[in-house]
Amino acid sequence: MSGENEKIKSALEIALEKAQKLGALSEEERRRLRDEELVAAGEALAKRYLNGLPLRDIEIELGRRGGDDRRIISRNLLSRLVDKIDMEHIAGGERILAAIQHLSGDSG
346 MSGENEKIKS
356 ALEIALEKAQ
366 KLGALSEEER
376 RRLRDEELVA
386 AGEALAKRYL
396 NGLPLRDIEI
406 ELGRRGGDDR
416 RIISRNLLSR
426 LVDKIDMEHI
436 AGGERILAAI
446 QHLSGDSG
């Protein structure tokens, strides 16, 4: 697990510990925290890809997740990559476009 994902996990663990002190989390709160974790994981993967992480490593990271988790992470990863496309400097976006094309079959 990457350093960013560990930070995310640590933040989730801290939130859960605080919640335990205050009382049990409702199902809705647990779902919201889980969704926040998955959104952050997708954003972190996009950032790592933009910083040079190979696409095959993105696939490995996504492969560690299953079902809905993988779809949510992929969707957020793709969303962040699309946000980074600069039509005025499309030559620099070829790598992003290649990743979007490759990963879009996985996004659900």
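First residue of the sequence shown? That's 346 in the working numbering, and the numbers climb one at a time after it. C-beta atoms are modelled at their ideal positions from N, C-alpha and C, and glycine is treated no differently. Just so you know, these numbers come straight off a predicted model, no measurement behind them.
At a cut-off of 4 residues, the continuous stretches assigned as alpha helix (DSSP H) that sit fully inside the region 390-422 are 400-408.
Note that the region 402-418 touches the region 372-388; at least 3 beta-carbon pairs, one per stretch, sit closer than 8 Å.
Within the model, the alpha-carbon separation for Ile403 versus Leu378 is close to 23 Å. Taking a 10 Å sphere around the C-beta of Ala391, we find 16 or more other C-beta atoms and assign the residue as buried. The beta-carbon distance between Leu423 and Leu407, rounded to whole angstroms, is 11 Å. This is too long to meet the 8 Å contact definition. Rounded to the nearest whole angstrom, the C-alpha separation of Gly411 and Ile405 is 12 Å. If you check the CB distance, Ala444 and Tyr394 come in under 8 Å. In the DSSP annotation of this structure, the continuous segment of the alpha helix (DSSP H) that includes Ile441 starts and ends at Glu439 to Leu448. By the neighbour-count definition (other C-beta atoms within 10 Å, threshold 16), Arg425 is a buried residue.
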